[in-house]
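Scroll down for the structure; my scribbles are underneath it.
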Amino acid sequence: MLSGAALTGPALLGALAVLALVDSTSFGTLLIPIWLMLVPGRLRRSRILLYLATVAGFYLLVGLVLLTIASVALPQLMELASTTPFLWAQLVVGAGLLIASFFVGGKRRREQAGPGRLARWRERAVTDAAGERSSVLPLMGLAVAAAAVEAASMLPYLIGIGLLSSSDLDAPSRVLVLVGYCVVMVLPALVLLAIRSVASRAIESGLARISGWLERNAAETTAWIVGILGFLLARAAALELGLFDAIG
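Read left to right, the sequence shown gives residues 1 to 248 (UniProt numbering).
Encoded structure:
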């Protein structure tokens, strides 16, 4: 199993940077910011920056909690994870996630759902972004909600936390690297915002195409993430239980 102890220095930072860039293409870190950039009228840079800061802050907080739990209870958790009942439970959960991935984001379900959660959140974001006197709290709530919904399925982020928690870095360095990870997560959106600010007309059509592609493929991406996570969990449990040896 790959761990942070096997990666040091530039190799560890490079792996974390790649994982952060994968996370940067998610619904909450890229799709919603792009949509906010396409709101008719004056570009609300402060709103978009507030949204991105809230998303990054949420993931930083989650990461700090996970790192703290890992540093305090990692030996106990590792011991628990090696017990037979836990491994069988992991196998069942992994198989369930793998099966469920075939039903996530199905075409028929999307057609029955109508506009769905994405459309409702976008409608709310339009109102908040277009109103002169509207509070920023609904926009921050949108950011937290989007990040919270995605947190459990953001496999790269969880892998990154695992690499970081098992690395030989001290606590302050881990926190600093985690801050950098969260910044990289929102970096593509910040770059697009900067380009949108100086070349609004030229980039609008490109942003619209990116937004449409992400919206069309969001469900499929989630299904792949769920399926991969389920496969990895089930495979690891089966190996530890020796099921493949029994078959052989």
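All residues carry an ideal CB built from backbone N, CA and C; glycine is no exception.
Between residue 58 and the set 98, 72 and 28, the nearest pair of CA atoms involves 28. Segment contact: the region 75–89 against the region 157–168, fewer than three CB-CB distances shorter than 8 Å; contact not assigned.
Residue range 84–100 is occupied by the alpha helix (DSSP H) that includes residue 86. If you draw a straight line from the Cα of residue 137 to the Cα of residue 147, it comes to about 15 Å. In this structure, 33 is the residue among 16, 45 and 33 with its C-alpha nearest to the C-alpha of residue 207. Ranked by how close their Cα comes to the Cα of residue 103, the residues 238, 226, 234 and 239 have 226 in first place. Using a Cβ-Cβ distance cut-off of 8 Å, the region 171–184 and the region 15–23 are in contact, since at least three pairs of beta carbons, one from each stretch, lie closer than that value. Distance from residue 178 to residue 63 at the Cβ level is roughly 5 Å; contact confirmed, criterion being Cβ atoms closer than 8 Å.
Under the criterion of beta carbons closer than 8 Å, residue 234 and residue 95 qualify as touching, at roughly 5 Å.
Counting along the chain, residue 162 sits inside the alpha helix (DSSP H) bounded by residues 155–165.
Nearest in C-alpha terms to residue 47, of all of 193, 199 and 232, is 193. For residue 173, the enclosing alpha helix (DSSP H) stretches over residues 171–198.
In the three-state scheme derived from DSSP, where H, G and I count as helix and E and B as strand, residue 44 is classed as coil.
Under the 10 Å beta carbon count, residue 55 is surrounded by 16 or more other beta carbons and is classified as buried. Annotated as distal: residue 180 and residue 93, with beta-carbon spacing of 9 Å or more.
The three-state secondary structure of residue 25, taken from DSSP, is coil. The Cβ atoms of residue 237 and residue 35 lie no closer than 9 Å to each other. If you draw a straight line from the Cα of residue 9 to the Cα of residue 72, it comes to about 24 Å. The beta-carbon separation of residue 60 and residue 160, rounded to 12 Å, does not stay under the 8 Å limit for a contact. Ranked by Cα distance from residue 241, the options 68, 85, 70 and 51 are led by 85. Pairing residue 97 with residue 144, the inter-Cα distance amounts to about 25 Å.
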